[in-house]
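Engineer:
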Amino acid sequence: MDCSSKKNQYYTEDEAAEALIRSNIRFNKPAISYYLCSECAQYHLTSRGPKHLLLNQPEVVERIHKEQQVQEWSQALGRKKS
Ligand SMILES: [Zn+2]
Numbered sequence: 053m054d055c056s057s058k059k060n061q062y063y064t065e066d067e068a069a070e071a072l073i074r075s076n077i078r079f080n081k082p083a084i085s086y087y088l089c090s091e092c093a094q095y096h097l098t099s100r101g102p103k104h105l106l107l108n109q110p111e112v113v114e115r116i117h118k119e120q121q122v123q124e125w126s127q128a129l130g131r132k133k134s
């Protein structure tokens, strides 16, 4: 279903949670939470409102740090090659 928010849609809460974590790995200003949209009845990420509790879970925090390091290493390698 189309949504006037034009945001990415996630069918399940699990998908939204995964997308939220990936956003925090990749971006300097990531989404901080997700919500169930009343218009399309699917989940969207948002950078407003209180930070989702998921992002305070130690295993999630650890995963974000680890994957950010991997990302930095691969970016550094990419720079050397070019
Ligand atoms: Zn929507």
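Using the working numbering, the first residue of the sequence shown is number 53, and each one after it goes up by one.
Even glycine gets a Cβ: it sits at the ideal position worked out from N, Cα and C.
1. In the DSSP assignment, find the alpha helix (DSSP H) that holds Leu-88 and state where it starts and stops.
2. Since Leu-72 is in the alpha helix (DSSP H), which residue starts that stretch and which ends it?
3. Among residues of its own chain, excluding the 5 on either side of Trp-125, which ones have a beta-carbon nearer than 7 Å to its beta-carbon?
4. With distance defined between alpha-carbon atoms, name the residue in Glu-91, Leu-97, Asp-66 and Ala-93 nearest to Lys-81.
5. Suppose contacts are defined by Cβ-Cβ distances below 7 Å. Is Lys-59 in contact with Ile-84 by that definition?
Structural biologist: Here's the rundown:
1. From DSSP, Leu-88 is part of no alpha helix (DSSP H) but of the beta strand (DSSP E) over 85-88.
2. 65-78
3. none
4. Leu-97
5. no
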